[in-house]
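FYI, in UniProt numbering the residues of the sequence shown are 1 to 459. Working notes for the structure below.
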Amino acid sequence: MKGRLSIKRTLTLWFTAFMALTAGLCLGLILITSGQVARKETAERLDLTVRESIPLVNFSNGSLLLDPDFRFYQNNVYLILYNQSGAMLTGETPPGFPVDAPLKNGVTREVDENGERFYVFDLWIPSGWEDGVWIRGAAQSTSVSQMLGGILTMFFLIMPFIILFAAAGGYLIARHALRPIDQITRAAESISEGRDLSRRLGLKPGRDEVGRLASAFDQMFERLEQAFEAEKQFTSDASHELRTPTAVILAQCSYMEKYGEDTEDYREGIGVIRRQAERMSLLINQLLDMTRLDFGTRKLNTQDTDFSEFLSVLCEEQDTNLRNIRMETQIEPGIHAQIDPALFARVIQNLLENARKYGREGGFIRVTLRREEESIRLDVEDNGIGIRQEDLSRIWQRFYQANPSRQSGSGLGLGLSMVRQIVQLHGGTAEAESVPDQGSCFTVRLPFSQKETGPQKDN
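Now the structure itself:
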């Protein structure tokens, strides 16, 4: 957008303004501190000079005698002597100093006269000569003013160089910091124009923010590449799965058109079409459900559920008599979980259906539910044909089947993928262990419900 400053110029201006503001605040702090220090130093110097002069003031036969070492001006302090009534006896005064200023014993104060400021300290020295004498120390404030003026002069002489140095340094720092951003932008635009997600930014890894940003971009491109590849594979697999029942339906329709002679032929053909249409409908519904879960349009409707009773009912409803597979359950009572009953019913049904399809005829399905220290554990075990180790990590992928021909009606390859997806949405994990020709065990772990407090103890 025209008229807007670049980031480098904006950073440079902000950095320069900040440095100028900081320098100004420092100057103000220095002036305030220096003034206080100077006033304190002057007061201490006055006090010390006056007190050190006291032993040099003597009296003899009622007369005032000053020691030869007595000086009326020392350490930038003027000394003045007064009698008891406040009349000046002797001494030196700063130019313009009001000699008739009131005397106050032991008090350091400021005295103003015609715009001039003086610092004054008085002490009363008692004696037998007219009952004593006053000794006053006076100092001009010009030393303080001169010091502060010197600071201001030095500051305004140095300040322009500080601002120029800050501006140049800020610009160089901004340019150096943003140079990798320009490289990232050019590389990202090149990747976008070429539609090649396999390319990477190629910046050297670093620990600073820009290095981490470049690394994050490369990781993002890698995930995008994986997502696009998975999407391509998903589309290919879905197309393949839909092509088969579609081809069967078209072939059956063509057959009936050419060779259908009686009601029985048409009834048989319609039966084939219905079964394939049901298979397509099942696939489409499962794909839609998984897509809704992926994009969050299907929200979880979790509620506290007696998971033990919930699992028992589903196991009783599962039909395993077709292959003489016996159902064994070891369900610990009273276990609660926060689940979406409709979704989690599909998890259990898919696991039981998977165990029934690939279990050994005349074998068993063993369902176990128990508490662990930090979670609820559900195991679905069978003694079927098992899964090879190299296939275990892939069985959760959509449409993947370790051996699609190992069992007639083996399914669409979406059941286990949906199991893991639903379990992860509930904050749990789904894992599998298997030994070929010995069987498989699928394990689901869920967090405790708010009503669960861990393993219950018998009273």
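Don't be surprised by glycine CBs; every beta carbon is placed ideally from N, CA and C. A quick note: this is a predicted structure, and the numbers were derived from the prediction, not measured.
Please say whether residue j and residue i have beta carbons closer to each other than 8 angstroms?
i	j	result
residue 362	residue 439	no
residue 311	residue 369	yes
residue 444	residue 378	yes
residue 356	residue 422	no
residue 90	residue 103	no
residue 127	residue 59	yes
residue 364	residue 323	no
residue 184	residue 228	no
residue 277	residue 249	yes
residue 350	residue 418	yes
residue 114	residue 96	yes
residue 300	residue 375	no
residue 155	residue 21	no
residue 430	residue 395	no
Might you give, ordered along the chain, the residues of its own chain that have their beta carbon closer than 7 angstroms to the beta carbon of residue i, omitting 5 neighbours on each side?
i	result
residue 151	30, 31, 34
residue 242	280, 283
residue 9	none
residue 305	336, 337, 339, 341
residue 159	23
residue 14	none
residue 16	163, 166, 167, 170
residue 266	256, 260
residue 200	218, 221
residue 117	110, 141
Taking the alpha-carbon positions, what's the residue i to residue j distance?
i	j	result
residue 110	residue 121	9 angstroms
residue 371	residue 315	19 angstroms
residue 381	residue 264	44 angstroms
residue 360	residue 367	16 angstroms
residue 39	residue 108	10 angstroms
residue 437	residue 389	12 angstroms
residue 274	residue 224	39 angstroms
residue 329	residue 262	51 angstroms
residue 391	residue 317	30 angstroms
residue 57	residue 37	31 angstroms
residue 105	residue 135	9 angstroms
residue 285	residue 245	15 angstroms
residue 331	residue 348	14 angstroms
residue 44	residue 112	19 angstroms
residue 69	residue 123	19 angstroms
residue 53	residue 65	13 angstroms
residue 258	residue 358	39 angstroms
residue 235	residue 424	23 angstroms
residue 98	residue 51	22 angstroms
residue 226	residue 239	20 angstroms
residue 172	residue 178	10 angstroms
residue 373	residue 426	18 angstroms
residue 254	residue 190	51 angstroms
Closest to residue i by CA distance: which of the options is it?
i	options	result
residue 303	125, 47, 448	448
residue 19	306, 219, 161	161
residue 416	365, 53, 344, 44	344
residue 174	11, 349, 431, 418	11
residue 441	397, 425, 171, 383	383
residue 221	209, 107, 393, 198	198
residue 219	188, 45, 245	188
residue 180	212, 154, 274, 153	212
residue 125	358, 285, 55	55
residue 92	99, 101, 72	72
residue 414	398, 313, 420	398
residue 83	67, 100, 94	100
Using a Cβ-Cβ cut-off of 8 angstroms (strictly less than) and excluding sequence neighbours within five positions of residue i, which residues of its own chain qualify?
i	result
residue 460	Absent from the model: residue 460. The displayed extent of the chain is 1 to 459, so no value can be given.
residue 131	84
Does residue i pass the burial test, meaning 16 or more other C-beta atoms within 10 Å, or should it be called exposed?
i	result
residue 428	buried
residue 133	buried
residue 166	buried
residue 153	exposed
residue 409	With a pLDDT of only 45 at residue 409, under the threshold of 50, the placement of this residue in the model should not be trusted; the figure read from the coordinates follows. Exposed: under 16 other Cβ atoms inside 10 Å.
residue 46	buried
residue 466	Outside the modelled stretch of the chain, which goes from 1 to 459, sits residue 466, for which no answer is possible.
residue 176	exposed
residue 420	buried
If you drop the 5 nearest sequence neighbours on each side, which residues of the same chain put their C-beta closer than 6 angstroms to that of residue i?
i	result
residue 435	386
residue 42	119, 139
residue 269	252, 256
residue 333	308
Does any residue of chain D bring its CB to less than 8 angstroms from the CB of residue i?
i	result
residue 259	The chain labelled as chain D is not found in the depicted structure, where only one protein chain is given.
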